[in-house]
Amino acid sequence: MKLVTCGLPYANGKAHIGHLRTYIPADVYVRYLRMLGEDVIFVCGSDCHGTPIVVNAEKEGMTPKEFVEKYHEHFKNVLKAVGVDFDFYGKTAEEYHHEMTREIVRRMIDGGYIYPAEVELAYCTRCDRFLPDRYVEGICPYCGAMARGDECDQGCGKHLEPGEIKDPRCKICGNPASFRKQKHYFFKLTAFKEFLTQYLENLKATENALNYAKEWVKNLRDWCITRDLEWGVRFPGDERFVVYVWVDAPIGYISFTKKACENRCDWEAIWKRGEAEIIHFIGLDIVYHHCIFWPAMLKAANFSLPTAIVASGMVKVEGKTFSKSRGYVVWVEEDYLKQGFNPDYLRYYILSYTSHQKDLNFSWRIFKDKVNNELLATFGNFLYRVLHFSWKNFGEVEMEVDDEVIVKIKETREKIIDALNKWEFKMVCDAFMELAAFGNSYFQSEKPWDLIKQDKNAARKVISNSLQLAKALMIFAYPVMPESMKKVAKALELDLTSCSLDDAAKIDEKMKVRKPDLPFEKIDEKVIESLERMMENRFKEAEKKVETKEEEIGLEDFKKLDIRVGRVLKAEKVQKSKKLLKLEVDVGNEVRQIVAGIAENYEPEELVGKSVVVLVNIKPTRIMGLESRGMLLAADVDGKAVLLMPERDVEAGTKIK
Ligand SMILES: [Zn+2]
Ligand SMILES: [Zn+2]
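So, in structure tokens, the structure goes:
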């Protein structure tokens, strides 16, 4: 048995082409394995925890639960639409996943691999809170690049332990952070150095992953696995904390397997007794977590180890390094699916562009060329001509296939299997495209349309060979382009869902041919031009945004701000907070609840009845669980707020211009 998994998409944004670089090859791999008679389970799910989700949910005025649900549904639908067919697609916010995580962490504790220690953690005195992971930004201590609290994402790619980052700043308010001591829990990663070194020696993995991992294993440090957050899986050794998101995310592979196995197989045979191959498809950016943290955790908990790690290369867009903020991104739903393009074209593009380990460049022009010149002109052209000619002139063909043709088909099958064993999906596509080219030149040189006028039996032999090749092509290309192949296979009444790769070389006594459908449609130059324009505008807009960050603004920008005089009706301290006051402020047409960090300078009583200045149309946010709708304007005096007030008393709601 084999278990295939994909790195969990983070439920924090929309699906883009970079995601598909992992999911589509994994899906294609699973489909081929099944056509080779293998019993395969294929699982994935949304990663729902961690600080970015909490930060972004706060920004959008949603709870983390609502926020992850939105993106979970999005990923589920998009993956289905591009034909990625998981046996189970779960999410880590579910109770069953929390239970599984707690069981595994408990086993790590029982094994003596987790210990408490005091650490110096980034703390924001203005927000009055610790700043875990992405709540803090600063400078990477290793390479000097701008980094997030737990990862040097723009520079050297290293995982950063809490407290390591230099010049930390609070992500919420921008204030320089200070450090405070807090007790946390550590996983003894250093105890696994010998085990990991040995494990990596024997691991089947793509070179790109192994090269990194073998370097990293030389310098291990113990790993802080708890976080001071509300959202996440409670740490079973100390319920005040949740576990770090990179502890619970990979455990999703196990909890989702258990779900997929219900009434079908025994998940413990896979994950506790080592009776299955476990193959992880991941992106190159999460090699550390899968080749270092994950096997050490599994070893500590006495679970089965992954047998293979398949890492894909990165993605470029129109030749530029993928970057959402710079606009070098292709959104799967709005840029691709909503154009009405066949999802199989994108599957073929991603598989056939380059080696799985190399960088893939997505460009709309290459996309058009691949569809029109490769899929239509070679592959589709052969299928359609053969089927159409057979249907028109024979309807039913008594089969008589040359040995040479069968040999060619068997060779193609071997090439495909060989390429799959190396996770080289471009070679898989090359193999069936080569067979299609062979079919085309055979059909063209034998000229059955002339032959049939003189010798119908000779023409039948040519058609018989061609039909065998057509059937083989449908079977071989089915995992890459399932919907298109199903459509064209209707002409042969061939049910591809029950075909094995061996069926490609099996000769039927007779083949019935019905009127065929065109498998592919030509991509229009005008459509591509408009998509290229759309991309250029996106790049330009992103550039403008970067440029205008610190620049002057026009009056029209200022006019977007709705600033008014407000009157404080009520004021009280926020419990457990030294800095925050909760106010009710009349802003003219309504009374708003506003939470402000001014408790150190103002007593609640002295504010009631006062006029203040309020930015009314700022997005609502939640601070310590309280809704805040509006922002009081204040002068920042060494981090302390001094409120702005009108020079004489004016009515609440008066606009400020
Ligand atoms: Zn770095
Ligand atoms: Zn802050």
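Numbering of the sequence shown is given in our numbering, commencing with residue 881 and proceeding in unit increments.
We treat Cβ as the ideally placed atom computed from N, Cα and C, and that holds for glycine.
Please read these numbers as outputs of a predicted model, since none were measured by experiment.
Can you tell me which residues form a DSSP beta bridge with P1056? On the sequence shown, position 176 is the one that residue 1056 refers to. R1049, per the DSSP bridge assignment.
Report the three-state DSSP secondary structure of V1122 (helix, strand or coil). Indexing the sequence shown from 1 puts residue 1122 at position 242. The answer is strand: DSSP assigns V1122 an E or B state.
Have a look at F1202 and V1454 and give me their C-alpha separation to the nearest angstrom. Translated into the one-based positions of the sequence shown, residue 1202 becomes position 322. Translated into the one-based positions of the sequence shown, residue 1454 becomes position 574. When rounded, the distance between both Cα atoms is 43 Å.
Residues bridged to V884 (per DSSP): Counting from 1 along the sequence shown, the entry for residue 884 is found at position 4. Looking at the DSSP assignment, V884 forms a beta bridge with F922 and I1159.
Just to check, is the beta-carbon of G1018 closer than 8 Å to a non-hydrogen atom of ligand 1? Translated into positions along the sequence shown, residue 1018 becomes position 138. No, Cβ of G1018 sits at least 8 Å from all heavy atoms of ligand 1.
Taking 8 Å as the cut-off, is the CB of G1054 close to at least one heavy atom of ligand 2? As a position in the sequence shown, residue 1054 is number 174, starting the count at 1. Yes, since a heavy atom of ligand 2 falls inside the 8 Å radius drawn around the Cβ of G1054.
Residues that DSSP places opposite R1293 in a beta bridge: Taking the first residue of the sequence shown as position 1, residue 1293 is located at position 413. Partner(s): none; R1293 has no beta bridge.
Quick check: is any heavy atom of ligand 2 less than 8 Å from the C-beta of R1540? This structure cannot speak to residue 1540, because the chain is shown only from 881 to 1537.
With hydrogens ignored, establish whether the beta-carbon of G1029 is closer than 8 Å to any heavy atom of ligand 1. On the sequence shown, residue 1029 is found 149 positions in, with the first residue counted as 1. No, the Cβ of G1029 stays beyond 8 Å of every heavy atom of ligand 1.
Is C1171 near ligand 1, judged by its Cβ being under 8 Å from some heavy atom? Position 291 of the sequence shown, counting from 1, holds the residue named residue 1171. Not under cutoff, so the answer is no.
With three or more beta-carbon pairs closer than 8 Å as the criterion, would you say the stretch 944–962 touches the stretch 1118–1138? no
Taking the alpha carbon of M1365 as the point to measure from, which residue in M1307, F1259 and G1434 has its own alpha carbon closest? As a first step, residue 1365 is located in the sequence shown; it is residue number 485 there, counting from the start. For M1365, the nearest C-alpha among the options comes from F1259.
Helix, strand or coil at S1378 according to DSSP, with G and I counted as helix: Locating residue 1378 in the sequence shown gives position 498, where the first residue counts as 1. In the structure shown, S1378 sits in a helix (DSSP, three-state: H, G or I).
Apart from the five residues on each side of it in sequence, which residues of its chain come closer than 6 Å, Cβ to Cβ, to R1502? In the sequence shown, counting from the first residue as 1, residue 1502 sits at position 622. Cβ neighbours of R1502 beyond the five flanking positions: E938.
Bounding residues of the beta strand (DSSP E) (the contiguous stretch that carries V1195): To locate residue 1195, count along the sequence shown from 1; it is residue 315. Taken as a continuous stretch (DSSP letters only), the beta strand (DSSP E) holding V1195 covers V1195 to V1197.
Which complete alpha helix (DSSP H) runs does the stretch 961–1033 hold, if anything under 4 residues is left out? 975–990
Measuring from the CB of C1032, is there a heavy atom of ligand 2 at a distance below 8 Å? The residue you call residue 1032 lines up with position 152 of the sequence shown. False, no ligand heavy atom lies under 8 Å from that Cβ.
Which whole-angstrom value is the C-beta distance of A1352 and A1385, which I expect to be below 8 Å? Start at 1 with the first residue of the sequence shown, and residue 1352 comes out as number 472. Start at 1 with the first residue of the sequence shown, and residue 1385 comes out as number 505. Contact flag correct, Cβ pair sits at about 7 Å.
Spatial distance of L1109 from V1122 (CA atoms): Reading the sequence shown from its first residue, position 229 is the one you call residue 1109. Reading the sequence shown from its first residue, position 242 is the one you call residue 1122. L1109 and V1122: Cα-Cα distance of roughly 6 Å.
Just tell me which of K1179, K1139, H1170 and N1055 has its CA closest to the CA of G1154. As a working mapping, residue 1154 is identified with position 274 in the sequence shown. Here the closest residue by C-alpha is K1179.
Using only CA atoms, which one of N1497, N1481, K971 and P1399 lies nearest to F1438? Reading the sequence shown from its first residue, position 558 is the one you call residue 1438. Considering only alpha carbons, the answer is N1497.
Judging by CA-CA distance, which residue of N1253, G1319 and E1284 is the nearest neighbour of D1404? Position 524 of the sequence shown, counted from the start, is the residue given in the question as residue 1404. Comparing Cα-Cα distances from D1404 to each of N1253, G1319 and E1284, the minimum goes to N1253.
Does DSSP classify C1104 as helix, strand or coil? Your numbering for residue 1104 matches position 224 in the sequence shown. DSSP places C1104 in strand when its eight states are reduced to three.
With three or more C-beta pairs closer than 8 Å as the rule, is the stretch 1482–1500 touching the stretch 910–921? no
Just verifying my parser: in three-state terms, what is the DSSP assignment at S1321? The residue you call residue 1321 lines up with position 441 of the sequence shown. Helix.
What separation, rounded to the nearest whole angstrom, lies between the Cα atoms of Y1003 and M1525? Taking the first residue of the sequence shown as 1, we reach residue 1003 at position 123. Taking the first residue of the sequence shown as 1, we reach residue 1525 at position 645. In a straight line, the C-alpha of Y1003 is about 31 Å away from that of M1525.
Let's see if you can read the secondary structure: which residues bound the beta strand (DSSP E) around S1192? Counting from 1 along the sequence shown, the entry for residue 1192 is found at position 312. Looking at the DSSP string, the run of the beta strand (DSSP E) that includes S1192 is A1188 to S1192.
So S1192 and W1151 are supposed to be a Cβ contact under 8 Å. How far apart are they, rounded? For this step, residue 1192 is matched to residue 312 along the sequence shown. For this step, residue 1151 is matched to residue 271 along the sequence shown. Incorrect: roughly 24 Å between the Cβ atoms, too far for contact.
As a quick exercise: from G991, M1354, I1355 and N1320, pick the residue whose alpha carbon is nearest that of I1343. Residue numbering aside, residue 1343 sits at position 463 when the sequence shown is read from its first letter. The option with the nearest alpha carbon to I1343 is N1320.
Is any heavy atom in ligand 2 found nearer than 8 Å to the beta carbon of R1014? Position 134 of the sequence shown, counting from 1, holds the residue named residue 1014. Answer for R1014: no, Cβ out of range of ligand 2.
Whole angstroms are fine: how far does the CA of A1140 sit from the CA of W1211? On the sequence shown, position 331 is the one that residue 1211 refers to. On the sequence shown, position 260 is the one that residue 1140 refers to. Near 29 Å, if we compare the C-alpha coordinates of A1140 and W1211.
Run through the DSSP bridge pairs and tell me what A1089 is partnered with. In the sequence shown, counting from the first residue as 1, residue 1089 sits at position 209. Beta-bridge pairing links A1089 to no other residue.
Under the three-state DSSP convention, the category W1244 falls into: Along the sequence shown, one-based indexing puts residue 1244 at 364. Reduced to three states, the DSSP call for W1244 is helix.
For I1166, three-class secondary structure by DSSP: Taking the first residue of the sequence shown as position 1, residue 1166 is located at position 286. In this structure, I1166 counts as helix in the three-state DSSP scheme.
Excluding the five sequence neighbours on either side, which residues of its own chain have a C-beta within less than 7 Å of the C-beta of I1332, listed in chain order? As a first step, residue 1332 must be located in the sequence shown, where it is residue number 452. Within the same chain, I1332 has close Cβ partners N1273 and A1339.
Count Cβ pairs between the stretch 1028–1047 and the stretch 1003–1014 that sit closer than 8 Å; are there 3 or more? yes
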